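>
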Amino acid sequence: MKNLNKITSVFSSAVFALLLLTGCEGSDLYNLVTPDWLSERADSIANSKGGGEEELVGMEEDVYTVGAADFSTGWWQQFSKYYQIDEGEKWNGVFNLSINPNATNTYKNFALILCNDEDRGAANYKEYGAIRFDNQPSGNSEWGDYIDRSLVESNLTFGSDTDAGVDKLGGRVVLTIDRSKVDTFMVKITNGTVTKTYLQPSKLENLNADGANTKMRAFLVPEGSCINFLQSNIEPIGGFTSAEDKNPLSMTFNNLPKKVLVGTSFAEAIANLTATIQFEQEVTKEVSASELQIQLLTNMSQVGEQRFLAIYNKTYKGENCDSVITAVGTFQVVEPTSFKVVGNIDNTTPWWTAFSDDIKVGAKETFVSTFTNYTNGAANWNNFLVVLRKADKTEYGVMRADNFGWGAGYDGIATASFEEGRDWAAWLAAMDGAKVTTYITNNGDGTADVKAVMLGSDGKTYTQQYTGIGGIDPNDFYFCFTIEKGHLEFDNVLGEIDNSTGWWAAHSTNITVPRGMTYTTRFRNFTNGLTNWNNFLVVLTKADNSEYAVMRADNYGWGASYEGVATASIENGRDWDAWHNAMDEALVTVSVTNNGSSANVKCVIVGNDGVTYHQNYTGISPIDANDFRFRFTCEGSHLVFE
128 MKNLNKITSV FSSAVFALLL LTGCEGSDLY NLVTPDWLSE RADSIANSKG GGEEELVGME
188 EDVYTVGAAD FSTGWWQQFS KYYQIDEGEK WNGVFNLSIN PNATNTYKNF ALILCNDEDR
248 GAANYKEYGA IRFDNQPSGN SEWGDYIDRS LVESNLTFGS DTDAGVDKLG GRVVLTIDRS
308 KVDTFMVKIT NGTVTKTYLQ PSKLENLNAD GANTKMRAFL VPEGSCINFL QSNIEPIGGF
368 TSAEDKNPLS MTFNNLPKKV LVGTSFAEAI ANLTATIQFE QEVTKEVSAS ELQIQLLTNM
428 SQVGEQRFLA IYNKTYKGEN CDSVITAVGT FQVVEPTSFK VVGNIDNTTP WWTAFSDDIK
488 VGAKETFVST FTNYTNGAAN WNNFLVVLRK ADKTEYGVMR ADNFGWGAGY DGIATASFEE
548 GRDWAAWLAA MDGAKVTTYI TNNGDGTADV KAVMLGSDGK TYTQQYTGIG GIDPNDFYFC
608 FTIEKGHLEF DNVLGEIDNS TGWWAAHSTN ITVPRGMTYT TRFRNFTNGL TNWNNFLVVL
668 TKADNSEYAV MRADNYGWGA SYEGVATASI ENGRDWDAWH NAMDEALVTV SVTNNGSSAN
728 VKCVIVGNDG VTYHQNYTGI SPIDANDFRF RFTCEGSHLV FE
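Numbering (my numbering), first residue to last: 128 to 769.
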């Protein structure tokens, strides 16, 4: 210990001598070259420990609100203005962040989204990533391909998303995005108590399609919180907003159901209604139905279109306005449907609560489903999802309508593809009422494919494909549909619903069956019950509609490839009178197989008597394996595809 004290004393003396030398002219002792990013990291850490707040310059008034005051705003529902930051610029934004005092999750604050110079949903829109105000290293407080989470520093860290302390994030927040340095990129979020920084020792990559455009954009997304914006030193797209009071100009309705069942009260129909009020200076605010004066103009007890009048008479600050604004809303009162519906018809379906039947798909088989997709239009994922799983509900993978999926059989294996240059905003708008045909394929080799062809309400066809989904047991492969904030109607009807369909008067579209594959579909068969042939028929055809063969539901067929070759078989001892009566509302599954030189047709019919009937046609030949399709027709009946 004595020797250590001597060494320490000598070392201290040497340091003191060096300090004296620094006063000499030309001394270089402290002229070390330090990277900007390292200095900034040190500064940011010092500031986070109470080193003081940066002086803001060039700030302009920018007063508007993002997020509902009652903290009901969900994720990706409301957005701030776009703020464009060019290379060499620094953006400072100031706002008041209100945190729900009853919040139990750390993520109930806001996220800063960094993207290229495009609108959300545009064809060329790309994100750098997102940085939330809360810091949870084990959670999802930052994400994106261009965000390195190891570069995040915060003086408040949460161990899980249920930790206490989210209230510490509220108050006056100063947000800084600094692109003023040549070789660094920095984000800083602070409310004086909590400071979070992201310091990247390199500049941002340019994600704009036009390389000459070096601008990026930033915007804020609240979740279960409310942002009252105050100031910005960069003028946002759409301009600054003055704090002066503003009169309302117009209103649009949100969460208004398109359809409700007969017997629903008006109060129930508009229970989730809100309105977005457009004020002067391009300011908007979302208000609840309780802040509107609403009068029903029609009779809710009657089936058909219903109309109501809504009146709003407040300024932006809640004072009585100079002139009121009005809007008329409409929705339909409908009878209970005769076809299958998945989800709530008012598009309020919560996540993972509504599912179609599980349908088994055999090896080398493709199941074809058709339905109408309805959505509340709030987000891309508020549309149908395809769930692939085993009989015991163990999942292979889940695929959304919008080029996104997950699961053990999907991650790192599957390939997702869609049209180049898809305009996502246009796609989302077109998905409300879109006619969708899905193809679920069990390749028989441990992989599966999913394809969805969506005929949008805009008349455009959108195609989404997922190929190579792995880990499939070909003998234990099922699928079903689910949806969030929307509903699905399996309402594809062939024929007259009063069963007056004439002979050869109604035909479905042709479905192509590749060589070696089986394509399957399912429908409800409704009949007038007059004769055995007043039911569905299967037509095998070429692309030019020249026929190979036609097969009825009742063990009878014809055509050049049927006569003298095909074998028709039914159960021994079928009671034809019982079958005939059971065919009204019978659930029918039809499978068509392309064997290469011949074809098979298999029909499994679950009658309204609960009895399962089998009808098979095998050895239909010859066929052109590269030009082989099938479709349906009916007589004195109609089909509703499930």
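Just so it is clear, CB atoms sit at the ideal spot from N, CA and C, and this is done for glycine as well. These numbers come from a predicted model, not from an experiment.
So, using beta-carbon positions, are Glu350 and Ala238 closer together than 9 angstroms?
yes
> Going straight from the alpha carbon of Asp126 to that of Gly643, what length do you get?
Limits of the chain in this structure are 128 at one end and 769 at the other, which puts residue 126 out of reach.
> Gly489 to Asn569, Cα distance in whole Å?
Between Gly489 and Asn569, the C-alpha separation is close to 6 angstroms.
> Give me, in chain order, the residues of the same chain whose beta-carbon lies closer than 8 angstroms to that of Asp754; leave out the 5 immediate sequence neighbours on both sides.
Taken in chain order, the residues that qualify are Lys669, Ala670.
> Using only the alpha-carbon positions, how far apart do Glu546 and Ser724 sit?
34 angstroms
> With DSSP as the reference, label Leu278 as helix, strand or coil.
helix
> Do Thr588 and Val577 have their CB atoms nearer than 9 angstroms?
No, they are not a contact pair.
> Can you tell me whether Glu769 is buried or exposed? The criterion is at least 16 other CB atoms within 10 Å of its CB, across all chains shown.
buried
> Determine, for Pro264, whether the minimum Cβ-Cβ distance to residues of chain B falls below 9 angstroms.
Included in the structure is just one protein chain, with no chain B present.
> For the beta strand (DSSP E) holding Asn500, just list the boundary residues, first then last.
In the DSSP assignment, Asn500 falls within the unbroken beta strand (DSSP E) covering 492-502.
> Going by DSSP, what residue range makes up the beta strand (DSSP E) through Trp218?
217-226
> Hey, how far is the Cα of Thr658 from the Cα of Trp551?
When rounded, the distance between both Cα atoms is 50 angstroms.
> Per DSSP, what kind of secondary structure is Lys342 in: helix, strand or coil?
Coil at Lys342, not helix or strand.
> Check whether the stretch 258-277 and the stretch 314-323 are in contact - that is, three or more C-beta pairs closer than 8 angstroms.
In this structure the stretch 258-277 touches the stretch 314-323; the number of beta carbon pairs closer than 8 angstroms is three or more.
> From Leu436 to Gly390, what does the alpha carbon distance come to, in whole angstroms?
21 angstroms
> If I measure Cβ to Cβ from Ser166 and keep anything under 8 angstroms in the same chain, skipping five residues before and after, which residues do I get?
In this predicted model, Ser166 has a pLDDT of only 49, less than 50, meaning its place in the structure is not dependable; the value taken from the coordinates is given anyway. No residues qualify anywhere along the chain.
> With a cut-off of 8 angstroms, do at least 3 Cβ pairs link the stretch 299-310 to the stretch 279-288?
no
> State the Cα-Cα distance for the pair Asn333 and Gly573, rounded to the nearest angstrom.
40 angstroms
> If we count the other Cβ atoms within 10 Å of its Cβ and call it buried at 16 or more, is Ala394 buried or exposed?
exposed
> Candidates Leu621, Ala693, Met710: which alpha carbon is nearest Asn727's?
Ala693
> Rounded to whole angstroms, what is the Cα-Cα separation between Phe482 and Lys612?
13 angstroms
> Using only alpha-carbon positions, find the residue among Lys235, Asn355, Thr341 that is nearest to Thr113.
Residue numbering for the chain in the displayed model covers 128 to 769; residue 113 lies beyond these limits and cannot be assessed.
> Tell me which residues share the same chain as Thr476 and place their Cβ nearer than 7 angstroms to its Cβ, disregarding the 5 neighbours each side in the sequence.
Gly470, Ile610, Glu611, Lys612, Gly613, His614
> Counting beta carbon pairs with one atom in the stretch 554-565 and one in the stretch 489-503, are three or more of them shorter than 8 angstroms?
yes
> Quick check: what's the CA-CA separation for Asn735 versus Ala709?
5 angstroms
> Near Tyr210, which residues of its chain fall below 6 angstroms by C-beta distance, leaving aside the five closest residues on each side in sequence?
Trp218, Ala345, Ile361, Pro363
> Measuring straight from C-alpha to C-alpha, what distance separates Phe466 and Glu418?
38 angstroms
> Measure the alpha-carbon distance for Ser265 versus Leu278 and round it to whole angstroms.
CA-CA distance, Ser265 to Leu278, rounds to 14 angstroms.
> Ordered along the chain, which non-local residues of its own chain (more than five positions away) have a Cβ less than 7 angstroms from that of Asn174?
Because the pLDDT at Asn174 is just 47, under 50, the model does not fix this residue reliably, and the value given afterwards should be weighed accordingly. Closer than 7 angstroms at Cβ, skipping near neighbours: Thr322.
> State the Cα-Cα distance for the pair Leu147 and Phe206, rounded to the nearest angstrom.
Because the pLDDT at Leu147 is just 38, under 50, the model does not fix this residue reliably, and the value given afterwards should be weighed accordingly. The alpha-carbon atoms of Leu147 and Phe206 are separated by roughly 58 angstroms.
> If you follow the beta strand (DSSP E) that Ala230 is part of, which residue opens it and which one closes it?
Looking at the DSSP string, Ala230 is not in any beta strand (DSSP E), and its letter there is neither H nor E.
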